[in-house]
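A.B. asks:
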Amino acid sequence: MRSEPGPVQIVTVCKEEHSFALDTEALAEVLLAPEIRDKHVVVVSVAGAFRKGKSFLLDFMLRYMYRKDDENWLGEDDEPLTGFSWRGGSEPETTGIQLWSEVFPVQKSDGTEVAVVLMDTQGAFDNQSTVKDCATIFALSTMTSSIQLYNLSQNIQEDDLQQLQLFTEYGRLAMDEIFLKPFQSLMFLIRDWSFPYEYGYGFEGGKEFLEKRLQVKEAQHEELQTVREHIHSCFTNISCFLLPHPGLKVATSPAFEGQLSDVAPEFKKQLKSLIPTMLHPDSLAEKEINGNKVTCRGLLEFFKAYIKIYQGEDLPQPKTMLMATAEANNLAAVATAKDQYYKNMEKVCGGDLPYVNPESLEEKHHFYFKEALHTFSSTKKMGGQDFCDRYRAQLEKELEEMWLSFSKHNESKNLFSAFRTPAVLFVLVCLLYVLSGVLLFVGLNTFALVCDCTLGLVMMAMLIWAFIRYSGRYRPVGGAIDQAAGVVLEQATVALNKSRGTSMVKKTS
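Heads up, the sequence shown is in this note's numbering, so the first residue is 173 and it goes up one at a time.
Set out below in structure tokens:
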């Protein structure tokens, strides 16, 4: 047990393998404390791009939770800011997901007591994280939090909304089928807001600004409408807060340790509005999943279930816009080449066209095969040579499968091939009938009886084959009869060729 409260790493990221692991023991130590484990939980999470001050903001929330009864909860001017690890600079600090080790019991106005958990997340889009890493961290924090702060810098840009759409959809995929909105409260926290003359700082200005940004208009492109409709469909409550720049010393001084004396007065004023309002007992929404409130004990189980999903291979890999475009580009080139090959082969042996000599058909196949590959290669594609080579290999495989299909279709038009099985069976019946009569005539009754039994089996096989061809049922049995007839014909052909060869040798000698 830790003596002093502090951040607890609950989800770790392996940068080399881009995999995730849940520290169940550390999470249980936070959530299963006897005094809070059966209380409904409120999870406040901050997510967004790296180096945008998420941990810095959370530490002010911590300061409020410890001092909320004190009017001067922000602290003294020379007091350093402690809590979740943070620092200035351009390199990322937080990795994975962290919780504050102390859970805060808060009594609401109706007398119920809830447990408040503060969550810090790894910043997205650093130089070591893939799109999947970023999507997984954001999705996990959104799925397990009741209040998600989406920390943005200066404005809400279209790519911010598209990334939010991708990340929330990745989270929704991992959840079971639900009929309610899958996530709860989303707050856009716009840092370093530079246009207070258009929309004032705080919740009011944020509300007006957000309404305009998320407005769906008929004149908008369908893609823009879809993004906004998706965001509205995912969250039960969406709000926005416009926060000013904290000051040049905060942004540029390496000696800054969180002292309020270096923080801009307007920033401190807006913090005093944001944090007490957001963490007011009656503003704290308990975590719900499928409409059911979750306790601290239940949250532990949901973390275990969700991390297993993201550790598995069931979910699709989220891709960058370049990779998604390159994939679509190459798939379109593959489809065009396949369509060209198909149309050319259809003109040779498709539909009701007559049977084509196999050798001639194979020549046509090789010609059109090369032509299709040339069409694929000459199409301008994105993704680089190695990426395109994978799709070329896929095209070659699919063309070979189409060739087998055309070859079988052509073979089915061969009349001898169609009547091969009944012809072989009929010849066998005739031979066995004659052989049985000869054996009976010379007195070999036992051998004649064997021939008669075999004759009966062959006739039964002929009747079964006819029934299968007529009804279309029991096709595996019909296939077995066809195969057996083919073997008999092949062996008979080999025997005839040998006898011919022997007689030719005798004549020449």
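Beta carbons: idealized from backbone N, C-alpha and C, even for Gly.
So what does DSSP say about L321, is it helix, strand or coil?
C.D. replies: Strand at L321.
A.B. asks: Applying the criterion that 16 or more other CB atoms from any shown protein chain within 10 Å of the CB defines a buried residue, is H212 buried or exposed?
C.D. replies: It is buried - the Cβ of H212 has at least 16 other Cβ atoms within 10 Å.
A.B. asks: Checking 8 Å against the spacing of the C-beta atoms, do L386 and R400 come in under that value?
C.D. replies: Yes, they are a contact pair.
A.B. asks: Can you tell me which of the three DSSP states Q326 falls into?
C.D. replies: Q326 falls in the coil class under three-state DSSP.
A.B. asks: In terms of DSSP beta bridges, what is F355 paired with?
C.D. replies: For F355, which the question treats as bridged, DSSP gives the partners F407.
A.B. asks: My output table needs one value for M554: the three-state DSSP class, helix, strand or coil.
C.D. replies: Here M554 sits in coil by DSSP.
A.B. asks: So is Y369 buried or exposed if we call it buried at 16+ other beta carbons inside 10 Å?
C.D. replies: Looking at its Cβ environment, which holds fewer than 16 other Cβ atoms inside 10 Å, Y369 is exposed.
A.B. asks: Would a C-beta distance cut-off of 8 Å place L194 and K476 closer than the cut-off?
C.D. replies: In this structure, K476 lies closer than 8 Å to L194 by Cβ.
A.B. asks: I think W575 touches H537, with their Cβ atoms under 8 Å apart; what is that distance to the nearest whole Å?
C.D. replies: Confirmed, about 5 Å.
A.B. asks: According to DSSP, simplified to helix, strand and coil, what is R209?
C.D. replies: Note: R209 maps to coil in three-state DSSP.
A.B. asks: Using three-state DSSP, classify L361 as helix, strand or coil.
C.D. replies: It is a strand residue.
A.B. asks: Starting from F375, trace the alpha helix (DSSP H) in both directions and tell me its first and last residue.
C.D. replies: That run of the alpha helix (DSSP H) goes G374 to R385.
A.B. asks: Please report the distance separating the alpha-carbon of A638 from that of D511.
C.D. replies: Roughly 37 Å separates the two Cα atoms.
A.B. asks: Starting from A287, trace the beta strand (DSSP E) in both directions and tell me its first and last residue.
C.D. replies: E285 to T293 is the extent of the beta strand (DSSP E) around A287.
A.B. asks: According to DSSP, is N464 part of a helix, a strand, or is it coil?
C.D. replies: In this structure, N464 counts as strand in the three-state DSSP scheme.
A.B. asks: Specify, as a first and last residue, the run of the beta strand (DSSP E) that A193 falls within.
C.D. replies: It spans S191 to L194 - the beta strand (DSSP E) in which A193 sits, taken as one unbroken run.
A.B. asks: On the DSSP bridge assignment, give the partners of S217 in chain order.
C.D. replies: BP columns for S217 point to M291 and Q320.
A.B. asks: Please name the residue in K353, D210 and E583 whose C-alpha comes closest to that of G522.
C.D. replies: The shortest Cα separation from G522 among K353, D210 and E583 belongs to E583.
A.B. asks: Answer yes or no: do K226 and D292 have a C-beta to C-beta separation smaller than 8 Å?
C.D. replies: Cβ distance < 8 Å, so K226 and D292 count as in contact.
A.B. asks: So, are the CB atoms of A652 and L597 less than 8 Å apart?
C.D. replies: Their beta carbons are not under 8 Å apart, which means A652 does not touch L597 by this criterion.
A.B. asks: Considering only DSSP beta bridges, list what Q279 is partnered with.
C.D. replies: The partner list for Q279 (beta bridge, DSSP) reads E285.
A.B. asks: Give me whichever residues DSSP pairs with L253 in a beta bridge.
C.D. replies: Its beta-bridge partners do not exist; DSSP assigns none.
A.B. asks: Helix, strand or coil, according to DSSP, for V202 in the structure here?
C.D. replies: It is helical.
A.B. asks: How many Å lie between P177 and N462 at the Cα?
C.D. replies: Cα to Cα, P177 sits roughly 32 Å from N462.
A.B. asks: Please return the same chain residues whose Cβ sits closer than 6 Å to the Cβ of V528, not counting the five positions on each side in sequence.
C.D. replies: C521 and N582.
A.B. asks: Are the stretch 311–323 and the stretch 244–252 touching, with three or more C-beta to C-beta distances below 8 Å?
C.D. replies: No: the two stretches stay apart, fewer than three of their Cβ pairs being nearer than 8 Å.
A.B. asks: May I have the straight-line CA-CA distance separating L668 from M631, to the nearest angstrom?
C.D. replies: Straight-line Cα distance between these residues: approximately 24 Å.
A.B. asks: Quick check on DSSP: helix, strand or coil for Q431?
C.D. replies: In the structure shown, Q431 sits in coil (DSSP, three-state: anything other than H, G, I, E or B).
A.B. asks: Please classify D524 as buried or exposed, where buried requires at least 16 other C-beta atoms within 10 Å of its C-beta.
C.D. replies: Answer is exposed; the Cβ neighbour count stays below 16.
A.B. asks: Take S455 as the anchor and find which of E201, V215, P206 and E207 has the nearest alpha-carbon.
C.D. replies: Cα-wise, what sits closest to S455 is V215.
A.B. asks: So, helix, strand or coil for V183, using DSSP?
C.D. replies: The answer is strand: DSSP assigns V183 an E or B state.
A.B. asks: Can you name, in chain order, every residue of its own chain whose Cβ lies under 8 Å from the Cβ of R235, other than the five neighbours on each side?
C.D. replies: W245, L246, G247, L253 and G255.
A.B. asks: Which residue marks the beginning of the alpha helix (DSSP H) containing L597, and which one marks its end?
C.D. replies: Here the alpha helix (DSSP H) through L597 covers R592 to F613.
A.B. asks: When you compare only the Cα positions, how much space is there between G380 and N327?
C.D. replies: According to the sequence as given, residue 380 is Glu; it is not Gly. Rounded to the nearest angstrom, the two C-alpha atoms are 13 Å apart.
A.B. asks: Counting only the same chain and skipping the five closest in sequence on each side, list residues whose C-beta sits under 8 Å from that of L612.
C.D. replies: Taken in chain order, the residues that qualify are A620.
A.B. asks: What is the DSSP secondary structure of L414, counted as helix, strand or coil?
C.D. replies: Here L414 sits in strand by DSSP.
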